[in-house]
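Reviewing the structure listed below.
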Amino acid sequence: MMPRPAVPKPVTAVASRVRDWRDRRLADPRHSDRVAAILGAALGISFVVCFLTGLLSHAIQHPPSWFSWTTRPAGLFRITQGLHVATGIATIPLLFAKLWSVFPRLFQWPMATGVLHAVERLSLLPLVGGSLFLLVTGLANIELWYPWVFFFPAGHYAVSFVVMGALLIHLVSKFATARRVLLHADRSEPEQEAFDQGRRRFLGTVGAVSAGAVIVTVGQTVSPLRRLALLAPRHPDIGVQGFPVNKTAREAGVTTTAVDPSFSLTIEAGGATLRVFTLDELHAMTSRAATLPIACVEGWSANRTWRGIPVRDILKQAGAPEHRSVSVESLQRGGRYRRSILTSGQIGDADTLLAFEVDGEPLHIDHGFPLRLISPARPGVLQTKWVGKLVVQ
Ligand SMILES: Nc1nc2c(c(=O)[nH]1)N[C@H]1C(S)=C(S)[C@@H](COP(=O)(O)O)O[C@H]1N2
Ligand SMILES: [Mo]
């Protein structure tokens, strides 16, 4: 039997033009396997650090029964959350560089060579889409801009798991190639020199943009760099009494209740009122000073010296049962951050205060006058302002 003549594949003019364009691009050092692998490794590190610090922040704010967060060192959350925001910001230029670098590879025919390859390629959708979502929502949150309907932390948290799942698939499928191109030269000697130069210039630029983006924002929490924090929306030393305010008394609707001369602090347990303290009674108790940061989840932090009464002393005077958690409630009527829970461990720390002074001055109403909670290593959102009630759980 005569062998059948090979039928030429119907490659259309467009398809072959696309293939030529792609091959030309892939010969450019900026689109090489090695650049993809190096950017991939950098992204892998920044994503994992960002994910772990994000998980930690979530666990501190919504502690599962097995989790208990420390109060020491007092600045620990400030560091982990600073890292979360800094790695997120560093990721933005890295991600765009990586997308631009690997973009020509999307134009591949056949689209997939098998089921596994198809899964790997499909996983790029949640990987890229989810990463962009995390970076855009994270950045908008830092700017206190909420152009969406969902609750930011819940959406940001849920999508991070989608991205981590897709990233795992991506890592497993690319690991062998990445390892090979990172360990071995991928050109012949004469070509290598020029190729390496192009590659280094590109990676150097991407690295510099990424580091630059961090430097102009990280001063919001690293004080020696505060003068460089050109793009940081919050400065640790700008605001009433020299530090930022996220929610003003007016926004919280407490401008009359907070200055009411009949203000008192109520301690409740088991549905009954244990004790009511007037401000004068509280001021007459032995106060304590502590230098502690307000460390907002948005990445800014400000270290200040607070004076107030340890929560554990107030509870003791009220005859409250010990070793319980306590709900700290604000005069603010609505809003998500009108209350926070202190764990018994946090209450046990003498520096967990209901503060009435900051840096030697009475608290400004925007910082929580007449009483605000301040406790070591807690996220800013849990440092409840305008405290009017403690409810023993
Ligand atoms: N009652 C109440 N307390 C609150 C908030 C709030 O919205 N309402 N915001 C919190 C947040 S997000 C932060 S970062 C700190 C900011 O404290 P500051 O304004 O004194 O800097 O207060 C916290 N306490
Ligand atoms: Mo905050």
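Counted from 1, the sequence shown has number 1073 at position 361 by our numbering; the numbering is strictly sequential.
Just so it is clear, CB atoms sit at the ideal spot from N, CA and C, and this is done for glycine as well.
Is residue i buried or exposed, if buried means 16 or more other CB atoms sit within 10 Å of its CB?
{"i": "GLY1031", "result": "exposed"}
{"i": "GLU963", "result": "exposed"}
{"i": "ARG1114", "result": "For the chain, the structure presents residues 713 to 1105; residue 1114 sits outside this window and is missing."}
{"i": "PRO654", "result": "Within the shown structure, residues of the chain are numbered from 713 to 1105, placing residue 654 beyond reach of any answer."}
{"i": "PRO776", "result": "exposed"}
{"i": "PHE779", "result": "exposed"}
{"i": "GLY1080", "result": "buried"}
{"i": "GLN904", "result": "exposed"}
{"i": "GLU1034", "result": "exposed"}
{"i": "ILE656", "result": "Lying outside 713 to 1105, the shown extent of the chain, residue 656 is not represented and no answer is given."}
{"i": "ARG912", "result": "exposed"}
{"i": "ARG729", "result": "exposed"}
{"i": "GLY983", "result": "exposed"}
{"i": "GLY794", "result": "buried"}
{"i": "LEU828", "result": "exposed"}
Measure the beta-carbon distance from residue i to residue j and round it to whole angstroms, keeping in mind my assumption that it falls under 8 angstroms.
{"i": "LEU879", "j": "LEU834", "result": "Wrong, their Cβ atoms sit about 14 angstroms apart, outside the cutoff."}
{"i": "PRO973", "j": "TRP1012", "result": "That belief does not hold up - the Cβ atoms of PRO973 and TRP1012 are roughly 34 angstroms apart, past 8 angstroms."}
{"i": "GLN1058", "j": "ARG1050", "result": "Contact flag wrong, Cβ pair sits at about 18 angstroms."}
{"i": "GLU980", "j": "VAL1104", "result": "7 angstroms"}
{"i": "SER1021", "j": "SER1037", "result": "The identity of residue 1021 in the sequence shown is Ile, whereas the question assumes Ser. 19 angstroms between Cβ atoms; not a contact."}
{"i": "VAL871", "j": "GLY842", "result": "5 angstroms"}
{"i": "ALA941", "j": "VAL928", "result": "6 angstroms"}
{"i": "LYS810", "j": "GLY877", "result": "Contact flag wrong, Cβ pair sits at about 19 angstroms."}
{"i": "LEU788", "j": "ALA1067", "result": "Rounded, the Cβ-Cβ distance is 20 angstroms, inconsistent with contact."}
{"i": "VAL675", "j": "LEU806", "result": "Outside the shown range of the chain, which is 713 to 1105, sits residue 675, and nothing can be said about it."}
Quickly, what does DSSP pair residue i with across the bridge? List them, please.
{"i": "LYS810", "result": "In the DSSP output, where bridge partners are listed per residue, LYS810 has none listed."}
{"i": "PHE975", "result": "Answer by DSSP bridge pairing: none, since PHE975 is not bridged."}
{"i": "LEU755", "result": "LEU755 is not bridged to any residue."}
{"i": "LEU1004", "result": "ARG1016"}
{"i": "GLU1069", "result": "ARG1019 and PRO1074"}
{"i": "PRO822", "result": "Paired residue(s): none; PRO822 is not in a bridge."}
{"i": "ARG1051", "result": "GLU1041"}
{"i": "THR1034", "result": "It should be noted that the sequence gives Glu, not Thr, for residue 1034. According to DSSP, GLU1034 bridges with nothing at all."}
{"i": "GLU980", "result": "THR985 and VAL1103"}
Using the three-state DSSP reduction, which class does residue i fall into: helix, strand or coil?
{"i": "GLY794", "result": "helix"}
{"i": "VAL848", "result": "helix"}
{"i": "THR985", "result": "strand"}
{"i": "ALA802", "result": "helix"}
{"i": "LYS1097", "result": "coil"}
{"i": "GLU855", "result": "coil"}
{"i": "TRP1018", "result": "strand"}
{"i": "VAL1104", "result": "strand"}
{"i": "PRO838", "result": "helix"}
{"i": "ILE950", "result": "coil"}
{"i": "ARG737", "result": "helix"}
{"i": "LEU943", "result": "coil"}
{"i": "THR969", "result": "helix"}
{"i": "LEU768", "result": "helix"}
{"i": "PRO1088", "result": "coil"}
{"i": "THR990", "result": "strand"}
{"i": "GLU1010", "result": "coil"}
{"i": "ARG784", "result": "coil"}
{"i": "LEU879", "result": "helix"}
Spell out a yes or no on whether the segment 1064-1084 and the segment 1000-1019 are touching, meaning 3 or more CB-CB pairs, one atom from each, closer than 8 angstroms.
yes
Would you be able to state if there are at least three C-beta pairs under 8 angstroms between the segment 852-864 and the segment 812-822?
no
Do the segment 743-760 and the segment 802-812 make contact, defined as three or more Cβ pairs closer than 8 angstroms?
yes
At least 3 beta-carbon pairs within less than 8 angstroms: the segment 763-783 vs the segment 978-993:
no
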